[in-house]
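Residue numbering for the sequence shown is 11 to 370, as defined by our numbering.
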Amino acid sequence: MRWENLREDTESGQTALFDAPTTPRIRGTGGAGLVAPSPSPIRAGEPGAPVAIEIRARSIVNRVPGADPMFRWTINPYRGCAHACVYCFARRTHEYLDLDSGRDFDTRILVKVNAGELVRAQLARPSWRGEHIAMGTNTDPYQRAEGHYRLMPKIIAALSEAANPFSILTKGTLILRDLDLLERAAEVTDVGLAVSIGSIDARLWRTVEPGAPSPRARLDVVKRLTDRGLACSVLMAPILPGLTDSVEQIERTIAAIAEAGATRLTPVVLHLRPGAREWYRTWLEREHPRLIPLYRQLYGRGSYAPASYRNIVTEAVREVAARHGLDHPVNERGTEKPAHPAPNGRLPLDLPGPALRNRF
Ligand code: SF4
Numbered sequence: 011m012r013w014e015n016l017r018e019d020t021e022s023g024q025t026a027l028f029d030a031p032t033t034p035r036i037r038g039t040g041g042a043g044l045v046a047p048s049p050s051p052i053r054a055g056e057p058g059a060p061v062a063i064e065i066r067a068r069s070i071v072n073r074v075p076g077a078d079p080m081f082r083w084t085i086n087p088y089r090g091c092a093h094a095c096v097y098c099f100a101r102r103t104h105e106y107l108d109l110d111s112g113r114d115f116d117t118r119i120l121v122k123v124n125a126g127e128l129v130r131a132q133l134a135r136p137s138w139r140g141e142h143i144a145m146g147t148n149t150d151p152y153q154r155a156e157g158h159y160r161l162m163p164k165i166i167a168a169l170s171e172a173a174n175p176f177s178i179l180t181k182g183t184l185i186l187r188d189l190d191l192l193e194r195a196a197e198v199t200d201v202g203l204a205v206s207i208g209s210i211d212a213r214l215w216r217t218v219e220p221g222a223p224s225p226r227a228r229l230d231v232v233k234r235l236t237d238r239g240l241a242c243s244v245l246m247a248p249i250l251p252g253l254t255d256s257v258e259q260i261e262r263t264i265a266a267i268a269e270a271g272a273t274r275l276t277p278v279v280l281h282l283r284p285g286a287r288e289w290y291r292t293w294l295e296r297e298h299p300r301l302i303p304l305y306r307q308l309y310g311r312g313s314y315a316p317a318s319y320r321n322i323v324t325e326a327v328r329e330v331a332a333r334h335g336l337d338h339p340v341n342e343r344g345t346e347k348p349a350h351p352a353p354n355g356r357l358p359l360d361l362p363g364p365a366l367r368n369r370f
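Listed below in structure tokens is the structure:
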């Protein structure tokens, strides 16, 4: 998906970074004038002051080859994300722009300032079939810069006018600014809204998602959307091994999500692709060094934790979600019942052997 986005930029004869005929403008996202990006020493999990790099993109509705129909077409008005989640799987996309996947991803935000007009133009093409468009698949459309640039109202308006189905996944409370627009859109087309809440642990949130609104604030977003009659699901992601995967934590998180009125819940266990992997490991070594052996076992073989672990977590979520009346996805393996929790409240792990150690 990310290569595809980049390819469109490059094939159009632009440099990898910019489609602007003029020098890109760099400014503080608060709009307080020009600010040169400075190499401040930012560590994993600590957001720096973000700067926006304004670009004029050539296309904005991008095709994701081989993706599920709901994610085949995407709109990402920003690249990079000041929510600065340590585990963010989109980090590597910044490397394709000659920026780094750590601090640069969190603080140098590319803003496609012509996103609204591009959406309108692309939807008006005779070749466009009116397929579903997903937003928030790569970076968060309601991150801090959106408060200044207000790209989403124009995008939502264009989608509404074309009665084009769309979905938004976000951690940003800024989505509430666009409630009226979303309500009007839902009158003419299918609108899917989802908020990402991996856990409600406020202490953990401050270090693992340091630029994002708190879990409580996100729960409030779910509540306010559903209060307005807009169905809102929750992506319970990522579930972090050793940090948010205990039975008690899962129970508390799901209870809060259910109370907020979410209509559906989808759990996703952490995956660590290159780019995110190095950044997350640095953070883990600093904040939770005791967990390094566990992560070596789980992620020593690759980006995904073993299916045995993922299925145990998914089934635990499924069971608790069912108890709270939440719609939930089926087990990755089908109908197998979950294993019983260990006496210490942690999920029982069927981990790969010691040969995988030292590779995380
Ligand atoms: S909000 Fe999403 S896109 Fe932004 S840093 Fe977090 S995981 Fe990445």
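Think of the CB as a built atom: it goes at the ideal place given N, C-alpha and C, for glycine as much as any other residue. None of the values given here were measured: they were computed from a predicted structure.
For Lys233, the enclosing alpha helix (DSSP H) stretches over residues Pro225 to Asp237.
Its Cα nearest to that of Tyr88, the residue Met162 stands out among Tyr290, Met162 and Thr236. In this structure, the C-beta of His93 approaches the ligand SF4 to less than 6 Å from one of its heavy atoms. If you draw a straight line from the Cα of Arg160 to the Cα of Ile185, it comes to about 11 Å. By the 16-neighbour rule on beta-carbons within 10 angstroms, Gly285 is buried. For the ligand SF4, no non-hydrogen atom lies closer than 6 Å to the CB of Cys242. At the C-beta level, Arg130 and Ala168 come within 7 Å of one another. Fully enclosed beta strand (DSSP E) runs of no fewer than 3 residues occupy 83 to 85, 118 to 122 and 143 to 145 of the segment 73 to 146, in order along the chain. The DSSP assignment places complete alpha helix (DSSP H) segments of no fewer than 4 residues inside the segment 290 to 329 at 302 to 309, in order along the chain.
Counting only the Cα atoms, Thr199 lies some 46 Å from Leu301. Contact between Val205 and Cys242 holds: their C-beta atoms lie close to 6 Å from each other, under 8 Å.
For Thr217, the uninterrupted alpha helix (DSSP H) segment begins and ends at Ala212 to Val218. Ser177 is a Cβ neighbour of Ala144, given a cutoff of 7 Å. Runs of the alpha helix (DSSP H) spanning 4 or more residues and lying entirely within the segment 166 to 215 occur at 189 to 198, in chain order.
Ranked by Cα distance from Cys98, the first of Asp114, Ala272, Glu156 and Ala266 is Asp114. A contact is defined here as three or more CB-CB pairs under 8 Å, and the segment 121 to 129 meets this definition with respect to the segment 77 to 95.
In the DSSP assignment, the residues bridged to His281 are Tyr314. Non-local C-beta neighbours of Arg274 in its own chain, meaning closer than 6 Å and more than five positions away in sequence, comprise Ser243 and Asp337, ordered along the chain. A straight-line Cα-Cα distance of about 18 Å links Val257 and Gly335.
When DSSP states are grouped into helix, strand and coil, Ile63 belongs to the strand group.
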